[in-house]
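First the structure, in the form of structure tokens, and then the observations on it.
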Amino acid sequence: MPLEIERAQIITKVTRYQDEASRICGKRWADITQPELDFVDKTLDEEGFSSALVKKSHKVQMDSLNKITTTLTDFGIEYTILTSGESFTSSLDDPDDPSSSSRTNSARRQELLNGKKYDILISAGGDGTFLRAALENKSALPQIGINTDPTRSRGKLCAMDASSFGVALQRLKEGKFRWLKRNRLTVRLSKANTLGSSSEDLHTIENLALNEVFVGEKDPCRTSILRVRADDDAFESYKCSGILISTGTGTTAWSSEASKINPQDVIMVLRGIERVYSQIKLDNIFSNGFDAGAVSSAANEAASHDLLPPDSEEIQMLVREPIINPGQNEKGLCIWQGQSPSKVLDGRIHVPLERGWEAEIFVDPKKALWSFAFD
Numbered sequence: 001m002p003l004e005i006e007r008a009q010i011i012t013k014v015t016r017y018q019d020e021a022s023r024i025c026g027k028r029w030a031d032i033t034q035p036e037l038d039f040v041d042k043t044l045d046e047e048g049f050s051s052a053l054v055k056k057s058h059k060v061q062m063d064s065l066n067k068i069t070t071t072l073t074d075f076g077i078e079y080t081i082l083t084s085g086e087s088f089t090s091s092l093d094d095p096d097d098p099s100s101s102s103r104t105n106s107a108r109r110q111e112l113l114n115g116k117k118y119d120i121l122i123s124a125g126g127d128g129t130f131l132r133a134a135l136e137n138k139s140a141l142p143q144i145g146i147n148t149d150p151t152r153s154r155g156k157l158c159a160m161d162a163s164s165f166g167v168a169l170q171r172l173k174e175g176k177f178r179w180l181k182r183n184r185l186t187v188r189l190s191k192a193n194t195l196g197s198s199s200e201d202l203h204t205i206e207n208l209a210l211n212e213v214f215v216g217e218k219d220p221c222r223t224s225i226l227r228v229r230a231d232d233d234a235f236e237s238y239k240c241s242g243i244l245i246s247t248g249t250g251t252t253a254w255s256s257e258a259s260k261i262n263p264q265d266v267i268m269v270l271r272g273i274e275r276v277y278s279q280i281k282l283d284n285i286f287s288n289g290f291d292a293g294a295v296s297s298a299a300n301e302a303a304s305h306d307l308l309p310p311d312s313e314e315i316q317m318l319v320r321e322p323i324i325n326p327g328q329n330e331k332g333l334c335i336w337q338g339q340s341p342s343k344v345l346d347g348r349i350h351v352p353l354e355r356g357w358e359a360e361i362f363v364d365p366k367k368a369l370w371s372f373a374f375d
């Protein structure tokens, strides 16, 4: 069925050059003059950055954004641009100024959240920009990602680059696409008693995580102490460096990287086997051309078959380390017993927690993010 698009909301990012310029000049990007930019270049070079590379990346982003807006105009589609990005340093922004360089101002944010005003949400950046847009996209507004710099970003969540956008729009117009459902995580917080059952409802976090929710201490040097329950199983206590709860989309991201086996892991396991089974000698294995890298690659390839599809209503829980019941749970329950715990949604929304709080993390199919696939 064809998709009728009359108005589009573009979510773009703050480039590193824009952010550094705001930091150095102490003003918004829109107010910086050319002589001040010359001073910015000199300062960046003195600080050990390559101003030429930073400016080149900035130009690529701006050129791609120009291609996107030109394409929309050619198709007769109205659009608005919203710059929403995490600051690399400490950009100075006016939260109520529409031209603010880094943060979403309140008026335009409300406009974005009202999906009825737009027919499509376009993220112009990489996967990070797509995730930031998804965190704000709480309505049923369909979202499409455009990778503005494929040479620097993998863009696994992005459907195309800027030069292919026109072809994609034509296919949407002709109905030559299929809907792609990406389920997201809902987090419900409550106080817990000593038995782990909820004693007082607190609230549900309004932001939905597309990739994962990470739970751990704010100080990465401090051990996380928590009790974890998968579905209706018994609680298990852990001292670890944190826990990852991932959606189907997220099982190909941080969770996948965190659980990969490297060649050194293979060798350490073989050394353990040699200690337990004395008849097995590593020297014999290595003399026959044993390749630990090939073994680790084969193991990771086999593990990739356990990844969940984007529309899965199951979640994957990974306690660093190991993985607990990967892909077989519908919800996870955590109770924090550490010092300064916090919860992070998609690496961007930080929620401070108090000791003893309980969090239920689950998929709500009614709050899925809808995107597109082009076969």
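FYI, in full-length UniProt numbering the residues of the sequence shown are 1 to 375. Idealized CB from N, CA, C, for every residue including glycine. Here the structure is a predicted model, which means the values were calculated and not measured.
(request) Label K59 either buried or exposed according to how many other C-beta atoms from any shown protein chain fall within 10 Å of its C-beta, with 16 as the threshold for buried. (result) exposed
(request) Give the range of the alpha helix (DSSP H) segment to which E257 is assigned. (result) 254 to 258
(request) Verify whether the separation of the beta carbon atoms of G125 and K13 is less than 8 Å. (result) yes
(message) Contact between the stretch 145 to 157 and the stretch 183 to 190 is defined here as three or more beta-carbon pairs at a separation below 8 Å; is this criterion met?
(response) no
(request) Report yes or no: do the stretch 294 to 312 and the stretch 212 to 225 share at least 3 C-beta pairs separated by less than 8 Å? (result) no
(request) For E314, count neighbouring C-beta atoms within 10 Å of its own C-beta (all shown protein chains included) and say buried if the count is 16 or more, exposed if not. (result) buried
(request) Hey, could you find the ends of the beta strand (DSSP E) L141 is sitting in? (result) No beta strand (DSSP E) holds L141; DSSP gives it neither H nor E.
(request) Could you check which residue in S84, K173, A162 has the C-alpha nearest to that of N137? (result) S84
(request) Report the three-state DSSP secondary structure of M317 (helix, strand or coil). (result) strand
(request) Tell whether a beta-carbon distance below 8 Å holds between I77 and E20. (result) no
(message) Looking only at its chain, what residues have a beta carbon closer than 7 Å to the beta carbon of W29, apart from the 5 residues adjacent to it on each side?
(response) Q18, A21, S22, S101
(request) Report the rounded CA-to-CA distance for F362 versus A134, giving the unit in angstroms. (result) 17 Å
(message) Give me, in chain order, the residues of the same chain whose beta-carbon lies closer than 7 Å to that of K181; leave out the 5 immediate sequence neighbours on both sides.
(response) P310, D311, A368, W370
(request) Compare the beta carbon distance of L141 and Y118 with 8 Å and say whether it is the shorter of the two. (result) yes
(request) Go through its chain and collect everything with a Cβ distance to C334's Cβ below 6 Å, but skip five positions before and after it. (result) V215, L226, V228, A359
(request) Please look up how many angstroms separate the CB atoms of T251 and L210, rounded, as I've assumed it's under 8 Å. (result) With a Cβ gap of about 12 Å, T251 and L210 do not count as contacting.
(message) Taking the alpha carbon of G128 as the reference point, which residue from I349, A373, G332, I273 has its own alpha carbon closest?
(response) I349
(message) Assuming contact is defined by CB atoms lying nearer than 8 Å, are T80 and I10 in contact in what I supplied?
(response) yes
(request) Compute the beta-carbon to beta-carbon distance between A159 and G145, rounded to the nearest angstrom, for a pair I have assumed lies under 8 Å. (result) 6 Å
(request) Measure the C-alpha to C-alpha separation of F165 and A294 and round it to an integer number of angstroms. (result) 38 Å
(message) In the DSSP output, which residue or residues are listed as bridge partners for N147?
(response) G125, D161
(request) Using three-state DSSP, classify S100 as helix, strand or coil. (result) For S100, the predicted model reports a pLDDT of 39, less than 50, meaning its position is unreliable; a value from the coordinates is still stated below. Reduced to three states, the DSSP call for S100 is coil.
(message) Using only CA atoms, which one of A258, S255, I24 lies nearest to E46?
(response) I24
(request) For the alpha helix (DSSP H) holding L3, just list the boundary residues, first then last. (result) That residue, L3, is in no alpha helix (DSSP H); it is neither H nor E in DSSP.
(request) Might you give, ordered along the chain, the residues of its own chain that have their beta carbon closer than 7 Å to the beta carbon of residue 376, omitting 5 neighbours on each side? (result) Any answer about residue 376 is impossible in this case: the structure gives the chain only from 1 up to 375.
(request) Go through its chain and collect everything with a Cβ distance to K281's Cβ below 8 Å, but skip five positions before and after it. (result) E274
(message) If the criterion is Cβ atoms closer than 8 Å, does the pair S246 and Q316 meet it?
(response) yes
(request) Go to Y17, then tell me how far its alpha helix (DSSP H) extends in each direction, as first and last residue. (result) 16 to 25
(message) According to DSSP, is G216 part of a helix, a strand, or is it coil?
(response) strand
(request) Could you name the residues that DSSP lists as bridge partners for Q9? (result) T80, L121
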